[in-house]
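Residue numbers (the working numbering): 14 to 324.
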């Protein structure tokens, strides 16, 4: 075999090795991207929710009527509410209906800080900090938690029962994914227009879709039930987590309600970016090095055969 043929074969082998490295590197990067996507998407969702809560605080300050009147109107609405939640059977996300003795108060205009934003729910035991929106439409539940229309507005009070619902198992957000980990004795708090009320969990259960009796008002009680679907991805049942009002509101809950929503530093991005950069450098270095040894060996062998240096 001539030197020229040997060089051509060496270059061909080098190109093949180079292509294999590039393909393997791209596949590895795509695999890492797929693995990191849920974490990244959840972080972006949490960041957007923190921005919504940040803007909510400013909107409450500028609200008209002022926060005190908003709470008073919400309490009046609750006192006039004549029926609790009514849930359709075999639906994944609860919907609600309810009526007032008269039409003096409009649900959609009460506790509205803009874009349907009503308040904030915090569940320390599972690191939940979500904005609460009016209703349970798809749009609302993609942004945060939703208040089930037809149940009491979440400002507390005797003979009230509010229902807050959120998605579980979304690929791009945590929401109420960990609600099944909440246990009796855990607490959560809801803040609406600067008014914070706290609840201690007294009951957790999984029910059939048509079981809605436990979502109605109970005489003399101040309750909030958190609702999400289960099992993950199947959604044939509902998780109900019910809390009873704690009075007075614990000081740590008041402090937590005044603090900005905490979003963890995106270490996942540091790892992802660092790994990607390292991969690019390694591939670049290997591609440059892969072609040299084979060609050099051919030249050395040719020199030994001819006794003359190969240019």
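Each residue gets a CB set at the ideal place from its N, CA and C atoms; glycine is no exception.
Computed from a prediction, not measured in an experiment: that's the story for all the values here.
Using 8 Å as the threshold, is the C-beta distance between residue i and residue j below it?
i, j, result
"residue 172", "residue 230", "yes"
"residue 228", "residue 166", "no"
"residue 211", "residue 145", "no"
"residue 217", "residue 240", "no"
"residue 130", "residue 90", "no"
"residue 62", "residue 157", "yes"
"residue 53", "residue 186", "no"
"residue 203", "residue 292", "no"
"residue 170", "residue 88", "yes"
"residue 121", "residue 147", "yes"
"residue 252", "residue 219", "yes"
To the nearest angstrom, how far is the alpha carbon of residue i from that of residue j?
i, j, result
"residue 94", "residue 79", "23 Å"
"residue 223", "residue 250", "9 Å"
"residue 269", "residue 152", "27 Å"
"residue 139", "residue 256", "15 Å"
"residue 198", "residue 213", "6 Å"
"residue 143", "residue 33", "47 Å"
"residue 324", "residue 40", "Confidence in residue 324 is poor, its pLDDT being 47 and thus under 50, which makes the residue's placement unreliable; the coordinate value appears in the next sentence. So the alpha carbons of these two residues sit roughly 39 Å apart."
"residue 179", "residue 76", "26 Å"
"residue 83", "residue 126", "10 Å"
"residue 36", "residue 298", "15 Å"
"residue 164", "residue 57", "31 Å"
"residue 339", "residue 59", "Residue 339 cannot be examined here, being either before or after the span of the chain that is shown, 14 to 324."
"residue 105", "residue 296", "Summary for residue 105: the model assigns pLDDT 45, below 50, so the residue's position carries little reliability, and this model does not support an answer."
"residue 128", "residue 232", "33 Å"
"residue 74", "residue 64", "16 Å"
"residue 221", "residue 137", "27 Å"
"residue 285", "residue 279", "10 Å"
Kindly indicate the opening and closing residues of the alpha helix (DSSP H) around residue i.
i, result
"residue 92", "80–93"
"residue 267", "264–271"
Which residue wins for smallest C-alpha separation from residue i, given the options the options?
i, options, result
"residue 149", "142, 162, 140 and 138", "162"
"residue 207", "296, 43, 272 and 288", "272"
"residue 235", "274, 193, 199 and 175", "175"
"residue 200", "266, 242, 261 and 147", "266"
"residue 254", "53, 82 and 238", "238"
"residue 188", "154, 204 and 209", "154"
"residue 46", "294, 295 and 288", "288"
"residue 274", "42, 66 and 57", "66"
"residue 282", "43, 44 and 50", "50"
"residue 244", "38, 137, 70 and 192", "192"
"residue 263", "74, 209 and 159", "209"
"residue 69", "248, 205, 177 and 48", "205"
"residue 248", "226, 290 and 190", "190"
Tell me the residue span of the beta strand (DSSP E) that contains residue i.
i, result
"residue 154", "It is not in any beta strand (DSSP E) - residue 154 instead sits in the alpha helix (DSSP H) that spans 151–156."
"residue 136", "130–136"
"residue 213", "208–220"
"residue 144", "141–147"
"residue 257", "250–259"
"residue 235", "235–243"
"residue 177", "173–178"
"residue 203", "200–205"
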